[in-house]
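S.K.: First residue of the sequence shown: 1, per full-length UniProt numbering; consecutive thereafter.
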Amino acid sequence: MGQMFTTVTPDPANTAKMADAGQTFSFADVDAVGLDLDHTLCRYKVAETFEMIYDGMSRYVVEELKYGKEDMLRPFSEDRDFCIKGLLLDALRGNFLKFAEDGTILRASHGTKKMTEEEIVATYGEEKQWKHFAELKGKFENSDKYHLYENYFDMPGIVLCARMVDNLEKQAGGKQKTKMCKMWRDAIDAFNNAYKPEAFAAHTGGYFPGIKDEPYTYMHKCSEDIRRWLKELRSAGKAVFLATSSCSDYCDYIARKVLGDEWKDYFDVIVTNSKKPGFFSEPPNRRPFYSVVDFQEGTKVKELERGKGYAQGNWQTLMILLRQLTGKEEPKVVYIGDSLRSDIFPPKKFANWSTVLICEEMEAEGMEEDRTQNGPATKRARHSNDYDPASRAILVSDMWGPFLTDRSTSGSEVVTVCGHILRSSADICVPHLEYLAALPLDHKFTTFKDSSSEWAGFHPGKPRSLRK
1 MGQMFTTVTP
11 DPANTAKMAD
21 AGQTFSFADV
31 DAVGLDLDHT
41 LCRYKVAETF
51 EMIYDGMSRY
61 VVEELKYGKE
71 DMLRPFSEDR
81 DFCIKGLLLD
91 ALRGNFLKFA
101 EDGTILRASH
111 GTKKMTEEEI
121 VATYGEEKQW
131 KHFAELKGKF
141 ENSDKYHLYE
151 NYFDMPGIVL
161 CARMVDNLEK
171 QAGGKQKTKM
181 CKMWRDAIDA
191 FNNAYKPEAF
201 AAHTGGYFPG
211 IKDEPYTYMH
221 KCSEDIRRWL
231 KELRSAGKAV
241 FLATSSCSDY
251 CDYIARKVLG
261 DEWKDYFDVI
271 VTNSKKPGFF
281 SEPPNRRPFY
291 SVVDFQEGTK
301 VKELERGKGY
311 AQGNWQTLMI
321 LLRQLTGKEE
331 PKVVYIGDSL
341 RSDIFPPKKF
351 ANWSTVLICE
361 EMEAEGMEED
371 RTQNGPATKR
381 ARHSNDYDPA
391 SRAILVSDMW
401 GPFLTDRSTS
411 GSEVVTVCGH
421 ILRSSADICV
431 PHLEYLAALP
441 LDHKFTTFKD
451 SSSEWAGFHP
461 GKPRSLRK
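Dropping the structure here:
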């Protein structure tokens, strides 16, 4: 959840001109590299992790919130085709929506029941427009009215909430649509029970016990390529930092499992409990850094030091340290992560950093190989039959269609809202970190700004769902 690859290399005579236009990206050209932890440095096994998370949350809503066993305790796998990244829950109605980039609702369901075209129009009008779409697209944040599922810790909640809607309406006798406020409050309770920070040390909740008891059932170790790549970045004079929303005790546990006991040696500075996207979007006076002692947050810290770990904070204060480490007044920073909402949209919008999206759906769908390039077969795009079938069944949905594109009712191909955010906020997109670590630092990646193709930023190849 590593293979190497080839990409289209620009003509050398045009490289400088393209670089000026932002049409290529190279790690040799940046001064600092930041990485997310979960689903970036640490690759989780999708099928196993989703089933474990769902099991914990569903048991909580049955035992503590009194939802029906017959609906909630069915195996997650029975509805895994329902679970796809990029769905939005209209929490006030209990509807799941998939949007085009202009806000048109492409597909929808009420609970697990697919809505017909007529039902969508009856609920959202002839134009099939949801009234909060402009707010979502402008801020790309969640609210008490809606939730966008765009990361793997959240996604098992799609099946959870859909089944909760079904169960509440069954209890109401099907006479009328049940108000969904209770469902959404209960879903948040189940989520918080699963992931609340204090549950890691207490070995409680619906997530941490499974990870601690059987870590390699749910995660992969980092390869030697990734370890070598991290060392190579620092040897080349790059400042390398880890910035994760996970708390320090969980971060330490996971990093030891995937990188080894000396994991801190790979980084110049470590930031935990960063609470992204607030780390980027909120001002420094509201987001101070704190010292970390024995996994506990201590006193406020005004200046950061190399080789230490901190909690919370903000990108502006971190930049002061990065200037010191790199000797550059305006260091060029790239941040790598899996979440559009937390790792890609805000660092681009607020900090003007370069960004690399980790998107495992590319490998699950399969990618079109660029046969014009020479090189070992191991460097070429993988085909979909190489990917774990149980995980593919979750990330690729017949009911909802592809993550980044879809077909309109007229049959034309349209870009989804997540596809739009990806192209406008990420420089490049890869299935996982191995595709970066396997290449030399001076490799030139074509970015989404490359005028030769609307989808040039995908590496090592174009996802097969992109028909253009």
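Note that CB positions come from ideal geometry on N, CA and C, so glycine has one too.
Using C-beta distances below 7 angstroms, list every residue in its chain close to Asp20, excluding the 5 sequence neighbours before and after it, in chain order.
M.R.: Counted from its first residue, the sequence shown places residue 20 at position 20. Low confidence applies to Asp20: its pLDDT is 46, below 50, so where it sits in the model is not reliable, and the reading given next is rough at best. Within the same chain, Asp20 has no close Cβ partners at all.
S.K.: Can you name the start and end residues of the beta strand (DSSP E) that Tyr149 belongs to?
M.R.: Counting from one through the sequence shown, the residue named residue 149 turns up at place 149. Counting along the chain, the beta strand (DSSP E) containing Tyr149 begins and ends at Tyr146 to Tyr149.
S.K.: To the nearest angstrom, report how far apart Gly68 and Phe76 are at their CA atoms.
M.R.: Your numbering for residue 68 matches position 68 in the sequence shown. Your numbering for residue 76 matches position 76 in the sequence shown. Straight-line Cα distance between these residues: approximately 15 angstroms.
S.K.: On the CB-based measure, 16 or more other CB atoms within 10 Å of its CB, does Asp90 come out buried or exposed?
M.R.: Reading the sequence shown from its first residue, position 90 is the one you call residue 90. Classification for Asp90: buried.
S.K.: When DSSP labels each residue in this structure, what does Ser155 get in the three-state scheme?
M.R.: One-based indexing of the sequence shown puts residue 155 at position 155. For the sequence presented, residue 155 should be read as Met rather than Ser. Note: Met155 maps to coil in three-state DSSP.
S.K.: Quick one: grab the DSSP three-state call for Tyr67.
M.R.: The count along the sequence shown starts at 1 and reaches residue 67 at position 67. DSSP places Tyr67 in coil when its eight states are reduced to three.
S.K.: Tell me the residue span of the beta strand (DSSP E) that contains Val33.
M.R.: By 1-based counting over the sequence shown, the position of residue 33 is 33. Ala32 to Leu35 is the extent of the beta strand (DSSP E) around Val33.
S.K.: Between the C-alpha atoms of Asp386 and Pro460, what's the straight-line distance to the nearest angstrom?
M.R.: As a working mapping, residue 386 is identified with position 386 in the sequence shown. As a working mapping, residue 460 is identified with position 460 in the sequence shown. For Asp386 and Pro460, the distance between alpha carbons rounds to 15 angstroms.
S.K.: Nearest by alpha-carbon distance to Gly419: which of Pro283, Glu434, Pro402 and Ser412 is it?
M.R.: Counting from one through the sequence shown, the residue named residue 419 turns up at place 419. Closest option to Gly419, Cα to Cα, is Pro402.
S.K.: With the cut-off set at 8 angstroms, would you say Ala190 and Ile53 are in Cβ contact?
M.R.: By one-based count along the sequence shown, residue 190 stands at place 190. By one-based count along the sequence shown, residue 53 stands at place 53. Cβ atoms of Ala190 and Ile53: not closer than 8 angstroms.
S.K.: Classify Cys251 as helix, strand or coil using the three-state DSSP reduction.
M.R.: On the sequence shown, residue 251 is found 251 positions in, with the first residue counted as 1. Three-state DSSP puts Cys251 in a helix.
S.K.: DSSP has Tyr44 in a bridge; who is on the other side?
M.R.: Taking the sequence shown and counting its residues from 1, one reaches residue 44 at position 44. Looking at the DSSP assignment, Tyr44 forms a beta bridge with Met219.
S.K.: On the premise that Asp450 lies in contact with Gln23, defined as a C-beta separation below 8 angstroms, what is that separation, rounded to the nearest angstrom?
M.R.: In the sequence shown, counting from the first residue as 1, residue 23 sits at position 23. In the sequence shown, counting from the first residue as 1, residue 450 sits at position 450. Contact holds; Cβ gap of about 4 angstroms.
S.K.: For Lys444, list the residues DSSP reports as bridge partners.
M.R.: Within the sequence shown, the letter at position 444 stands for residue 444. The partner list for Lys444 (beta bridge, DSSP) is empty, contrary to what the question assumes.
S.K.: Does Tyr310 come out as helix, strand or coil in the three-state DSSP assignment?
M.R.: In the sequence shown, counting from the first residue as 1, residue 310 sits at position 310. Tyr310: strand per DSSP, three-state reduction.
S.K.: Consult DSSP for Asp186 and reduce its assignment to one of helix, strand or coil.
M.R.: In the sequence shown, the residue the question calls residue 186 occupies position 186. Correct three-state label for Asp186: helix.
S.K.: If contacts are defined as beta-carbon pairs under 8 angstroms, then residue 470 and Gly34 qualify, I think. What distance do you get, rounded to the angstrom?
M.R.: Absent from the model: residue 470. The displayed extent of the chain is 1 to 468, so no value can be given.
S.K.: For the alpha helix (DSSP H) that contains Glu27, what are its first and last residues?
M.R.: Within the sequence shown, numbered from 1, the residue matching residue 27 stands at position 27. A small fix is needed here, since residue 27 is Phe in this sequence, not Glu. From DSSP, Phe27 is part of no alpha helix (DSSP H); its letter is neither H nor E.
S.K.: Going by the CB atoms, is the gap between Val121 and Val334 shorter than 8 angstroms?
M.R.: Translated into positions along the sequence shown, residue 334 becomes position 334. Translated into positions along the sequence shown, residue 121 becomes position 121. Cβ distance not < 8 angstroms, so Val334 and Val121 don't count as in contact.
S.K.: Quick check on the DSSP output: what are the complete alpha helix (DSSP H) runs of length 4 or more inside the region 48-100, in order along the chain?
M.R.: Whole alpha helix (DSSP H) segments, 4+ residues: 69-72.
S.K.: State the start and end residues of the unbroken alpha helix (DSSP H) segment that holds Ser391.
M.R.: Start at 1 with the first residue of the sequence shown, and residue 391 comes out as number 391. Looking at the DSSP string, the run of the alpha helix (DSSP H) that includes Ser391 is Pro389 to Leu395.
S.K.: State yes or no: is the beta carbon of Gly103 nearer than 8 angstroms to at least one beta carbon in chain B?
M.R.: Among the chains of the structure shown, chain B does not appear; only one protein chain is present.
S.K.: Measuring CB atoms only, is the region 198-214 touching the region 99-115, in the sense that at least three cross pairs come out at less than 8 angstroms?
M.R.: No, because fewer than three Cβ pairs between the region 198-214 and the region 99-115 fall closer than 8 angstroms, the two stretches do not touch.
S.K.: Measure the alpha-carbon distance for Cys87 versus Ala199 and round it to whole angstroms.
M.R.: One-based indexing of the sequence shown puts residue 87 at position 87. One-based indexing of the sequence shown puts residue 199 at position 199. According to the sequence provided, residue 87 is Leu. The question's Cys does not apply to it. Their Cα atoms are separated by approximately 28 angstroms.
S.K.: From Gly313 to Arg59, what distance separates their C-alpha atoms?
M.R.: Walking along the sequence shown from the start, residue 313 turns up at place 313. Walking along the sequence shown from the start, residue 59 turns up at place 59. Rounded to the nearest angstrom, the two C-alpha atoms are 35 angstroms apart.
S.K.: Can you give the beta carbon distance from Phe289 to Phe267, rounded, assuming they're within the 8 angstroms contact cut?
M.R.: Within the sequence shown, numbered from 1, the residue matching residue 289 stands at position 289. Within the sequence shown, numbered from 1, the residue matching residue 267 stands at position 267. About 16 angstroms; that fails the 8 angstroms criterion.
S.K.: What number of angstroms, rounded off, separates the C-alpha of Ala255 from the C-alpha of Lys221?
M.R.: To locate residue 255, count along the sequence shown from 1; it is residue 255. To locate residue 221, count along the sequence shown from 1; it is residue 221. In a straight line, the C-alpha of Ala255 is about 9 angstroms away from that of Lys221.
S.K.: Grouping DSSP H, G and I as helix and E and B as strand, with all else coil, what is Gln324?
M.R.: Within the sequence shown, numbered from 1, the residue matching residue 324 stands at position 324. In the structure shown, Gln324 sits in a helix (DSSP, three-state: H, G or I).
S.K.: Residues in the same chain with beta-carbon distance under 8 angstroms from residue 477, minus the five sequence neighbours each way, listed in chain order, please.
M.R.: Coverage of the chain is limited to positions 1 through 468, which leaves residue 477 absent and any answer about it impossible.
S.K.: Where does Val293 land, buried or exposed, given buried means 16+ other C-beta within 10 angstroms?
M.R.: Taking the sequence shown and counting its residues from 1, one reaches residue 293 at position 293. It is exposed - the Cβ of Val293 has fewer than 16 other Cβ atoms within 10 Å.
S.K.: Which of helix, strand or coil does DSSP assign to Cys359?
M.R.: Counted from its first residue, the sequence shown places residue 359 at position 359. Coil.
S.K.: Determine the DSSP secondary structure at Ser452, reduced to helix, strand or coil.
M.R.: Counting from one through the sequence shown, the residue named residue 452 turns up at place 452. DSSP places Ser452 in coil when its eight states are reduced to three.
S.K.: By how many angstroms is the C-alpha of Leu168 removed from the C-alpha of Arg464?
M.R.: Your numbering for residue 464 matches position 464 in the sequence shown. Your numbering for residue 168 matches position 168 in the sequence shown. Each residue's Cα considered, the two are about 38 angstroms apart.
S.K.: With a threshold of 7 angstroms on Cβ separation, who are the neighbours of Ala47 within its own chain once the five nearest residues in sequence on each side are excluded?
M.R.: To locate residue 47, count along the sequence shown from 1; it is residue 47. Closer than 7 angstroms at Cβ, skipping near neighbours: Asp388, Ala390, Ser391 and Ile394.
S.K.: What residue does the alpha helix (DSSP H) around Ser425 start on, and which one ends it?
M.R.: Numbered from 1 along the sequence shown, position 425 holds the residue referred to as residue 425. Residues Val417 to Ser425.
S.K.: Assign Arg464 to one of three DSSP states: helix, strand, or coil.
M.R.: Position 464 of the sequence shown, counting from 1, holds the residue named residue 464. In the structure shown, Arg464 sits in coil (DSSP, three-state: anything other than H, G, I, E or B).
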